[in-house]
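**Student:** Right, I'll just put the structure down here and ask away after.
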Amino acid sequence: MAENSDEMTRISTTEMTTASQGESDRPPSYNSIYGRLKSARQDSSGPKDFFSKSYDIVCNSIVATILLIPMIAIPIALIVVGAIHLNNCRAERYIPIYMIVAGCFGALYDVLSFAGRARRHWREKKGGRRDGREGGGSEEEEGRGAKIYGFHNGILSCFLFAWFIAGSVWVYRIYGSVNTWDSTSLHYCHPSVYWFAFVKLTFGYAMLFLGCCLVAGCGCLFCFL
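Numbered according to the working numbering, the sequence shown spans residues 2 to 226.
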C-alpha cells in the first residue's frame with residue numbers, strides 16, 4: 002500500500018511539473034498586446050516599420066481608448082476659461098485666444114481619434130465574424146476611408162503642433178514679468194488663464210519627452226523581441 006501511494010504521488014508530481022512546463026512554453030496569445038507586438042516584430046522589415054506598427058497597436062488598444070475619454074475634458078476646459086477671461090490678460094492678449102483655438106481643435110482631434118478607434122474595433126470584430134462570402138468592395142471602401150481619416154488627422158496634428166509652438170512663445174516669454182494678482186497692472190493676466198495655459202503647455206512638453214522615451218523603448222524592444 003505504501004509503495005502504491007508513493008508511486009501515485011510521484012506520477013502526480015511528474016504530471017504537474019510537465020503541465021507547468023507546458024504552460025510556460027506556450028506561445029503568448031496574439032490577442033494580447035505583447036503577442037501582437039511580437040507578431041509585429043516578426044513581420045517588420047526594420048525598426049522604423051516596427052515602431053509604426055507598435056504605435057498603432059498601443060494607441061488602438063482598449064486601454065488607450067478608455068484613457069482618451071477623460072482627455073476630452075481638457076479642451077473643453079480650455080475653451081471655457083479662455084472665453085470667460087478673453088479680455089483679462091493684458092500682459093499677452095493672445096493667450097486666451099490660444100486657449101480657445103487649442104480647445105476647439107483639440108476637442109475635434111479627440112472626437113475624431115475616438116471615432117477612428119471605435120470604427121477600427123468594430124471593423125476588427127466584424128472581420129472576425131466574416132465567413133468569406135463578402136466581396137472585396139467593402140474592404141476597398143474601408144481602406145479608402147482609412148486613408149481619408151489619416152489625411153485629415155495628419156493635417157489637424159500639424160496645425161495643433163504649430164499652434165502649440167505659438168502658445169509656448171506667448172506664454173513662456175512673459176513668465177518673468179507677468180502679474181497675476183494686481184488687475185490694474187499693465188502686465189496683469191488672470192491667474193486662471195496664465196497658469197492653466199502654462200501647466201497645459203508644460204504637460205505637453207513632458208508628453209513629448211515620454212514620446213521620445215517610447216521611441217527609444219521600441220528600438221530596444223525591436224532588438225530583444
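From the three backbone atoms N, C-alpha and C, an ideal C-beta is built for every residue, glycine too.
Rounded to whole angstroms, what's the CA-CA distance from L215 to I85? Just pull it up for me.
**Tutor:** Near 37 Å, if we compare the C-alpha coordinates of I85 and L215.
**Student:** For the candidate residues G177, F210 and W123, whose alpha-carbon lies nearest to that of W196?
**Tutor:** The candidate whose alpha carbon is nearest that of W196 is G177.
**Student:** Could you check where the alpha helix (DSSP H) with A78 kicks off and where it finishes?
**Tutor:** Start and end: A74 to I85.
**Student:** So for Y176, helix, strand or coil by DSSP?
**Tutor:** In the structure shown, Y176 sits in coil (DSSP, three-state: anything other than H, G, I, E or B).
**Student:** How about R91 and Y189: are their beta carbons less than 8 Å apart?
**Tutor:** Contact: yes.
**Student:** Going by the beta-carbon positions, is the gap between N89 and V200 smaller than 8 Å?
**Tutor:** Going by C-beta atoms, N89 is not nearer than 8 Å to V200.
**Student:** Decide if the segment 95-109 is in contact with the segment 70-85; the criterion is three or more beta carbon pairs, one per stretch, under 8 Å apart.
**Tutor:** At 8 Å Cβ cutoff, the stretches touch.
**Student:** Would a C-beta distance cut-off of 8 Å place G107 and L161 closer than the cut-off?
**Tutor:** In this structure, L161 lies closer than 8 Å to G107 by Cβ.
**Student:** Quickly, what does DSSP pair C190 with across the bridge? List them, please.
**Tutor:** Its beta-bridge partners are C90.
**Student:** Using the three-state DSSP reduction, which class does D183 fall into: helix, strand or coil?
**Tutor:** Three-state DSSP puts D183 in coil, outside helix and strand.
**Student:** Is V112 buried or exposed, if buried means 16 or more other CB atoms sit within 10 Å of its CB?
**Tutor:** So V112 ends up on the exposed side.
**Student:** Are the beta-carbon atoms of A103 and L79 separated by less than 8 Å?
**Tutor:** Taking 8 Å as the Cβ cut-off, A103 and L79 qualify as a contacting pair.
**Student:** Residues in its own chain within less than 8 Å of F165 by CB, not counting five upstream and five downstream?
**Tutor:** Answer for F165: A103, L202 and G205, listed in chain order.
**Student:** What's the C-alpha gap between L157 and H191?
**Tutor:** Distance between the alpha carbons of L157 and H191: 29 Å.
**Student:** Does S155 pass the burial test, meaning 16 or more other C-beta atoms within 10 Å, or should it be called exposed?
**Tutor:** The question names Ser, but residue 155 is Gly in the sequence shown. Answer is exposed; the Cβ neighbour count stays below 16.
**Student:** Kindly indicate which three-state DSSP category A3 falls into: helix, strand or coil?
**Tutor:** Since pLDDT at A3 reaches only 45, below the 50 mark, its modelled position is unreliable, and no value is offered.
**Student:** Does the separation of the CB atoms of A198 and M100 fall below 8 Å?
**Tutor:** Result yes, Cβ atoms of A198 and M100 sit closer than 8 Å.
**Student:** For D266, which residues in the same chain have their Cβ closer than 8 Å to its Cβ, ignoring the five residues on either side in sequence?
**Tutor:** Because the chain here runs from 2 to 226, residue 266 falls outside it and cannot be looked at.
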